[in-house]
Structures are given as structure tokens and as C-alpha cells.
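Please read the structure below before turning to the comments.
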Amino acid sequence: MTYGVGVIGLGRVSRGHGQALRQAKGARLVAACDIDEERVRRFTREFGGEAETSMDALLARPDVDIALILLPHGLHEEATIKAARAGKHIMVEKPMAMEVAACDRMIAAAREAGVQLFVAHTERFIAATRTARQLLKSGQVGTPVMATDVWYQPFRRETRQPWMLDRARGGGFLQMAGSHMIDRLVYLIGSQVKNVRAIVRTAYHPDIACDDAVMAFLELENGVPCTFSTVSYKDTPHAGVEEHGVELLCTDGMVKVDRRSRVYVSRDGRYEEVPVERASANLVEWNAFTDALDSGAPPPVPLEHARHVVAVMEACERSSATGETVVIA
Numbered sequence: 378m379t380y381g382v383g384v385i386g387l388g389r390v391s392r393g394h395g396q397a398l399r400q401a402k403g404a405r406l407v408a409a410c411d412i413d414e415e416r417v418r419r420f421t422r423e424f425g426g427e428a429e430t431s432m433d434a435l436l437a438r439p440d441v442d443i444a445l446i447l448l449p450h451g452l453h454e455e456a457t458i459k460a461a462r463a464g465k466h467i468m469v470e471k472p473m474a475m476e477v478a479a480c481d482r483m484i485a486a487a488r489e490a491g492v493q494l495f496v497a498h499t500e501r502f503i504a505a506t507r508t509a510r511q512l513l514k515s516g517q518v519g520t521p522v523m524a525t526d527v528w529y530q531p532f533r534r535e536t537r538q539p540w541m542l543d544r545a546r547g548g549g550f551l552q553m554a555g556s557h558m559i560d561r562l563v564y565l566i567g568s569q570v571k572n573v574r575a576i577v578r579t580a581y582h583p584d585i586a587c588d589d590a591v592m593a594f595l596e597l598e599n600g601v602p603c604t605f606s607t608v609s610y611k612d613t614p615h616a617g618v619e620e621h622g623v624e625l626l627c628t629d630g631m632v633k634v635d636r637r638s639r640v641y642v643s644r645d646g647r648y649e650e651v652p653v654e655r656a657s658a659n660l661v662e663w664n665a666f667t668d669a670l671d672s673g674a675p676p677p678v679p680l681e682h683a684r685h686v687v688a689v690m691e692a693c694e695r696s697s698a699t700g701e702t703v704v705i706a
């Protein structure tokens, strides 16, 4: 079966999905909508599909089987519940929602409507991350002892939409980058987070209403300690060095994923690069989702995991506010 896809929200991540839908084996783009009419014209001109004037009009279309929700994080809950009640399967970008209670309402709405809900945690579909996980599962570096994940980047103010700078609407680098890093650590090590101690603060940009610096210590349920840190420093010369990667220390070696594209394993006292089979993460996501719909299998990312990532982010903010270690419920 080929599923008709309607895209809701045409921000910067929409291009990756548009390109993937040109090649996806079980999905095709049929419609798109956004509050910015020029965005809709540009998107449909490049990727096809029909322009719609509103989310309600798109959800009313009988040829839309899957609603792809690419809205600001604070709008995920409302759009997901509307799509579920319209009888559409749903792919929604990460993070699932702003709070665990919203995740629970989204899950309940999808189950009540009998539709599939897939939260697109893209990190686990990136070829380099999957290669690293295979290395860890192979046993050749032993078992994980600890891990650290970093994402240091310039602020890039010119690319930031207003909602990205407002925590109340889903902005902030814990939400935008931290959700990726939590997902990646849990996926690679294969264990959920047990407790959190974190600092979430605005250190570089006093004019924004969200965080730009986060550091967290996570103890996983299997006992492995992890840290993740994300900083978005000032857009000034020599302000910082851009880094993005995760390094895992194991009982018999080390594994490193650098900039989502390269994988290294320790051999003879140094890192050696491991071949990575390149593939579009968005395309892998779409093929996995339509395969699950065809077979009746659960979504490619368990809903419990997507909810867990939001719970960990909530715990980071609570820990930062109280100075205490927060246990994940």
C-alpha cells in the first residue's frame, strides 16, 4: 500500500522529509499547509502535492492517510490529537511534547482512534549512529562503562525562528539539541535513564526566553553513567569551536561518533575509522514507518521511549531549579 502524506508546518526540517518522500517505498506527498502562504508555494513547487489553507482542511482530505506534524514543539499535542480524531496515522517530529502529561494525552488519543503514532527521533535512524550501535552490540569493545555526548555550536541567530527562543513555545537548546542527545545515549547503550542531575541556564544571550547552556549527569538503569552538554555560544569571531559527537568508553575499547557522520573504534592505542553505509535518515524513517503500518507492528520508535525522553528533559529542568538529583518516574 502507498500512504498519502499531508505535511503540517513547513519549517526547515520539512525539506528533508520532502526529499525522502520522493523516494519512500510506501508513502507519497499529497498536500501541505503552513500559516505562511509563500512557504507553501515554495514547498509544493519543489516537492509536489497540493497547497492547503489550513490544518483542518488538510486533515479533511480523504487522500491523506498520514499527517506529518512539523510544527513548533508547543503545538505537537493539539495537532496530534486533531489528526488522530480525523482518523489519520501520525508522524510527529521530536520531542514528542512539552511535558509528560501532554505525551500521555497524545498516546491516549491515538489509541482511542486506532491510529499509529510515530515520534521521529531521527538520531537512531542516522547511519553513523546505527553503525556505532552495531559495534557496541557485537561485543568487540566489551560493555559500556561510561559515555559523554557533546554539542557545541554557534547561536546562528539569523536561522532562529521566534518560537525557538521562547521556552513556553518549545524553544531552548535542551528541547532542540538535548532531546537528540538523550535519545542517542539511551539508544546506543540500550538502557533508560534512572536519575538526573542537571544545570539548565541562559549564559550567553540574556535577551532570549530559553536556555542556551545545558549540562546533565544521567545514571542509566543498567548503572552506566553518562553526561551530555549542549551550548549555543555567541555569534562572534573566536567565540567557540563547533563540536558534535558522542564517545563511549567500554571494558575492552572505545567507540566515537563524530558529527553524525563518522564512526571510530579504538585499536592499538588509537582511533581507526569504521566504514559507514550512507543513507538518508528521513528516508529510513519513512520506510520503517510504512513497513510497520503494513505489518501492524508497533511504531519504529516505541511511544514509551518518546515519552521517556520528555520525562528526562522535565527532570533536567526540575533538577536545575532545585539543585537536587531527580529520579525518573
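In case it helps, our numbering puts the sequence shown at residues 378 to 706. Backbone N, C-alpha and C define an ideal beta-carbon position, used for all residues, glycine too. Note that the coordinates shown come from a computational prediction; the quantities given were computed from them, not determined experimentally.
CA-to-CA distance, residue j to residue i, given in whole angstroms
| i | j | result |
| --- | --- | --- |
| T604 | D440 | 45 Å |
| I585 | R416 | 26 Å |
| E694 | V573 | 10 Å |
| A490 | D526 | 38 Å |
| K402 | V703 | 43 Å |
| G600 | G516 | 18 Å |
| P676 | L625 | 27 Å |
| R647 | T520 | 19 Å |
| L448 | L513 | 34 Å |
| R655 | A504 | 6 Å |
| E429 | G395 | 16 Å |
| A683 | H498 | 8 Å |
| R482 | G548 | 21 Å |
| E500 | V661 | 11 Å |
| D560 | R419 | 32 Å |
| A688 | V477 | 6 Å |
| H466 | L435 | 13 Å |
| G386 | E414 | 11 Å |
| V382 | G426 | 9 Å |
| T699 | M475 | 20 Å |
Segment limits, beta strand (DSSP E) that includes residue i
| i | result |
| --- | --- |
| E701 | No beta strand (DSSP E) contains E701, which DSSP labels as neither H nor E. |
| C410 | A404 to C410 |
| A474 | Element bounds for A474: n/a, residue is neither H nor E. |
| F594 | A590 to L597 |
| G630 | G630 to D635 |
| I446 | I443 to I446 |
| L626 | E620 to C627 |
| L494 | L494 to A497 |
| E429 | E427 to E429 |
| I385 | Y380 to I385 |
| T573 | As written in the sequence, residue 573 is Val, which differs from the Thr given in the question. V570 to R578 is the extent of the beta strand (DSSP E) around V573. |
Beta-carbon proximity check, residue i vs residue j, cutoff 8 Å
| i | j | result |
| --- | --- | --- |
| E650 | R636 | no |
| T457 | L494 | yes |
| H453 | M473 | yes |
| V618 | G630 | no |
| V384 | T506 | no |
| A461 | A479 | no |
| V496 | C627 | no |
| R537 | D612 | no |
| C587 | D543 | yes |
| E470 | V390 | yes |
Beta-bridge pairing of residue i - partner residues as DSSP gives them
| i | result |
| --- | --- |
| P531 | Y610 |
| D645 | Beta-bridge pairing links D645 to no other residue. |
| N659 | In the DSSP output, where bridge partners are listed per residue, N659 has none listed. |
| H466 | I443 |
| E650 | Y641 |
Cβ-Cβ separation, residue j to residue i (assumed contact under 8 Å), whole Å
| i | j | result |
| --- | --- | --- |
| A409 | T421 | 6 Å |
| S556 | M468 | Not confirmed; about 16 Å, so no contact. |
| D589 | A580 | 6 Å |
| I705 | V570 | 5 Å |
| M541 | M558 | 17 Å between Cβ atoms; not a contact. |
Enclosing alpha helix (DSSP H) for residue i [first to last residue]
| i | result |
| --- | --- |
| L435 | M432 to L436 |
| G393 | S391 to L398 |
| Q511 | A504 to S515 |
| Y581 | Run containing Y581: none; DSSP gives neither H nor E here. |
| R422 | E414 to F424 |
| M558 | S556 to I566 |
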